[in-house]
Amino acid sequence: MSASTPLLSLKGITKIFPGVRALENVQLDLWPGKVTALIGENGAGKSTLVKVMTGIYQPEEGEILYKAIPIHLPTPESAHKVGITAIHQETVLFDELSVSENIFVGQYLYKGLLKTLDWPAMHRRANEILTRLEVQIDPRATLKTLSIAQRHMVAIARALAFDAQVVILDEPTAALSQHEILEFYHIVERLKQDGKAILFISHKFDEIFELADYYTILRDGVYVSSGAISDITEERMVSMMVGRAISQTYPKVDCTPGETVLEVTDLCHPTEFAHISFRLRKGEILGFYGLVGAGRTELMQALSGVSRPSSGEIRLNGRTMRFHQPADAIRAASSACRKSGRNRERSSPCLSPRTSVYRSSASSTLTAS
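Numbering (UniProt numbering), first residue to last: 1 to 369.
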């Protein structure tokens, strides 16, 4: 196969469900040693296309070519035999089994006339694959003892164990910390060096521009465009993905935030966060962002009575609150909403779906304590 020939090509793929054309005339090329980003909004058809590629769905129209030869993928097993594997955000692994067992499940190595399981060979082979990936994981370790990032590495090792040539990475970094994401980048580079054709699905544009060599954009199940990642800007990519300029979607609206509804001062937790202060005013949307482990979830638990802070103050509508259980927080929030309703304010601190809020926003950053 020449370098100018895609390893896997999908041409004119159309998939129809009752009353819905989920995919229409979709084109996709995956090249050996290259990463192609599949880009689109939720509902654009990315997951459906992956299921076509892995034999879960069969298209009504179009063809799939592997090394320029037409192939048929009637089942997931047929895709597996060709060498196509998908690693999802929630990859199916088995917590109670060892790393080696997870890598070789369904394709165990046997020995002797009685075909007994060859555990030494599987442990040795698993260690070779993990070493090739430069991942330090004990093949005999139980999977439940591993981090989320390490589980992803085991899933990738499983793909390499049966010599997958096409690797689909579906939102693989969604639950990873920044350090783990950097480790994942190195894994992808090693897969490229091994000549694997990689399909990368992500909503994170920084990752797309960091990892991808090519891109393909879908919108509402329809092929929009493809090309080299170096030939497109993020702004242009987003515009093609949604079919309009983003500035037209969320126009700026001038507004003046109202009085303070929620104020948190120097809030601390014994182990999860320290010295958190912020305030939320009527008409505002306050967003918290931070890496995995920064304390976002734990802070929300403290604010909602799931856990108790060790020090600091929470004030709701000017009153100091102490939540001993979630019911206390729910009652306090319901009271605040009722007061806002009686006063006929344009916005409500409980931000229910029917609430009219001004389009203003604020943000607060958390770092791991």
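A virtual CB, placed ideally from N, CA and C, is assigned to each residue, including glycine.
Item, Value
"Who are the Cβ neighbours of I56 in its own chain at under 7 Å, not counting the five residues just before and after it?", "P76"
"Considering S225, what are the terminal residues of the beta strand (DSSP E) in which it resides?", "V222 to A228"
"Just reading off the alpha helix (DSSP H) that G206 is part of, what are its end residues?", "Strictly speaking, residue 206 in this sequence is Asp, with Gly absent from that position. Unbroken alpha helix (DSSP H) run through D206: F205 to L211."
"Note down the Cα distance separating T48 from I129, rounded to an integer number of angstroms.", "30 Å"
"For the candidate residues I156, V99, F104 and R308, whose alpha-carbon lies nearest to that of R140?", "V99"
"For K204, I'd like the list of residues in its chain whose CB is within less than 6 Å of its CB, leaving aside the five on either flank, ordered along the chain.", "none"
"How many Å lie between P309 and V167 at the Cα?", "45 Å"
"Going by C-alpha distance, which of M240, S311, L267 and K144 is nearest N102?", "K144"
"Which value, in whole angstroms, describes the spacing of the CA atoms of R296 and A327?", "21 Å"
"Here's the rule I'm using: 16 or more other beta-carbon atoms within 10 Å means buried, otherwise exposed. How should A294 be labelled?", "buried"
"Classify T131 as helix, strand or coil using the three-state DSSP reduction.", "helix"
"Under the rule that 16 or more other beta-carbon atoms within 10 Å means buried, what is A68, buried or exposed?", "exposed"
"Between S4, L10 and T5, which lies nearest to T216 when the distance is taken from Cα to Cα?", "L10"
"Using a 10 Å radius around the Cβ and a threshold of 16 neighbouring Cβ atoms, would you call R346 buried or exposed?", "Interpretation of R346 is limited by its pLDDT of 40, a score under 50 that renders its predicted location unreliable; the figure taken from the coordinates is listed afterwards. Exposed, by the Cβ-count rule."
"Assuming R151 is part of the alpha helix (DSSP H), what are its boundary residues?", "I148 to A161"
"Just how far apart, CA to CA, sit D231 and M241?", "16 Å"
"Taking the straight line between their C-alpha atoms, what separation do you get for L182 and T5?", "30 Å"
"With a Cβ-Cβ cutoff of 8 Å, do A228 and D213 count as a contact?", "yes"
"What did DSSP end up calling I187 once you bin it into helix, strand or coil?", "helix"
"Nearest-angstrom Cα distance between M53 and T131?", "29 Å"
"Looking at the structure shown, is I87 part of a helix, part of a strand, or coil, going by DSSP?", "strand"
"Helix, strand or coil for N25, going by three-state DSSP, please let me know.", "strand"
"Can you tell which of V253, Q89, G106 and L93 has the C-alpha that lies nearest to the C-alpha of H80?", "G106"
"Could you have a look at E63 and say whether DSSP puts it in helix, strand or coil?", "strand"
"Could you have a look at K196 and say whether DSSP puts it in helix, strand or coil?", "coil"
"With a 10 Å radius around its C-beta and 16 neighbouring C-beta atoms as the bar for buried, classify I276 as buried or exposed.", "buried"
"With DSSP run on the structure shown, which of helix, strand or coil describes D231?", "helix"
"Whose C-alpha, out of H179, S78 and D163, is nearest the C-alpha of Q58?", "S78"
"Alpha carbon to alpha carbon, what distance is there between A333 and S340?", "Low confidence applies here, because S340 scores a pLDDT of 49, under 50, leaving its location unreliable and the question unanswered by this model."
"In whole angstroms, give me the CA-to-CA distance for G33 and D118.", "32 Å"
"Within 10 angstroms of its Cβ, does M153 collect 16 or more other Cβ (buried), or is it exposed?", "buried"
"Secondary structure at S78, three-state DSSP: helix, strand or coil?", "helix"
"List the endpoints of the continuous beta strand (DSSP E) containing K11.", "L8 to F17"
"Quick check on S304: does DSSP put it in helix, strand or coil?", "coil"
"Taking L38 as part of the beta strand (DSSP E), name the residues at either end of that continuous run.", "V35 to I39"
"Taking all protein chains shown into account, do 16 or more other C-beta atoms lie within 10 angstroms of the C-beta of Q136, making it buried, or fewer, making it exposed?", "exposed"
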